[in-house]
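Going by our numbering, the sequence shown opens with residue 29, and the numbers climb by one from there. Shown next, in structure tokens, is the structure this report addresses.
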Amino acid sequence: MTLHSIKDGHSMKDGHLMQDGWVGVIKGRPQVDAFAERSRRTQPQDIDAFAEMTGDRNPLHYDKALAEASVFGKLIVQGGVTSGILNAVVAENLPGPGSVFLEVSWKFVKAVGVGELITGRVEVKEVRADKPITKLETSVRNEAGELCLTGTATVFTVPLARG
């Protein structure tokens with residue numbers, strides 16, 4: 029499959045003219061192997077905010093004695109707090125503004141405790157030319173570099189640029 033750029037938002041694929049699906053996307057078409065990272069420290073307020081939004085009041089997030097006696101040995105944040113950093117990386121960094129998840133496949137391999145620094149990372153694995161769709165490898169690591177979440181995501185990026 030050969031892809032050649034042509035002017036006016038079109039490209040050539042195997043001898044056929046096709047619309048460039050990335051026209052109007054604020055940060056443009058991402059490149060395969062490009063990556064972005066974002067870090068933040070989890071806080072007790074994250075647990076409260078997530079519980080307020082979702083109703084998830086699991087004692088592992090609130091009951092210190094119970095959480096410390098559990099397999100985790102500490103209070104942990106909800107999985108949505110852990111994965112939430114990936115929402116920020118995708119929407120703010122890569123592919124950028126206008127990006128929404130179409131599909132995710134995540135494994136939570138290590139719990140994240142309150143007060144831990146986490147780093148979310150996305151790396152571009154595939155980019156469609158005809159539609160602003162990107163396949164990403166995703167991960168979240170703690171400050172010790174241990175993998176907490178791993179998986180993939182497919183993202184659609186809405187063209188938001190005003191012409």
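All residues carry an ideal CB built from backbone N, CA and C; glycine is no exception.
Straight-line gap, residue i to residue j (C-alpha atoms, nearest Å)
i    : j    : result
E143 : S167 : According to the sequence shown, residue 143 is Gly rather than Glu. Their backbone Cα atoms lie some 19 Å apart in a straight line.
T82  : P58  : 33 Å
G49  : E96  : 50 Å
N115 : A93  : 31 Å
E165 : R149 : 8 Å
R156 : A64  : 19 Å
T189 : D158 : It should be pointed out that residue 189 corresponds to Ala in this sequence rather than to Thr. If I take the Cα positions, the gap works out to 17 Å.
I54  : V128 : 14 Å
V105 : T70  : 8 Å
G126 : P160 : 10 Å
P87  : F136 : 18 Å
R85  : P123 : 33 Å
Q47  : I113 : 33 Å
D76  : D91  : 13 Å
D61  : E154 : 9 Å
Residue of the options minimising C-alpha distance to residue i
i    : options                : result
V118 : L145, W134, D158, T162 : T162
V109 : D74, E65, S67, K159    : D74
I146 : L88, P87, N170         : N170
H89  : R149, V140, A172, L114 : V140
E151 : P160, N121, A172       : N121
G107 : F78, K153, P123        : F78
A172 : D84, D61, S67, P72     : S67
K102 : D84, I113, P72, Q47    : P72
Integer-rounded CB distance, given that residue j should sit under 8 Å from residue i
i    : j    : result
G56  : P187 : That belief does not hold up - the Cβ atoms of G56 and P187 are roughly 10 Å apart, past 8 Å.
M177 : S111 : For the record, residue 177 in the displayed sequence is Leu; it is not Met. The Cβ separation is near 6 Å, so the contact holds.
K138 : E80  : Not quite, the Cβ-Cβ distance comes to about 25 Å (not below 8 Å), so this is no contact.
The ligand ADP heavy atom lying under 7 Å from the CB of residue i
i   : result
H89 : With respect to small molecules bound, the structure shown includes none, and the ligand ADP cannot be examined in it.
Starting from the N-terminal side, write out each stretch of the beta strand (DSSP E) that is 3 residues or longer and does not extend beyond the segment 115-165. Entirely contained in the segment 115-165, the beta strand (DSSP E) runs reaching 3 residues are, in chain order, 127-136, 145-155.
Would you be able to state if there are at least three C-beta pairs under 8 Å between the segment 120-135 and the segment 173-190? At 8 Å Cβ cutoff, the stretches touch.
Secondary structure, beta strand (DSSP E): runs of 3+ residues fully inside the segment 38-92: You should have 38-41, 44-47, 63-69.
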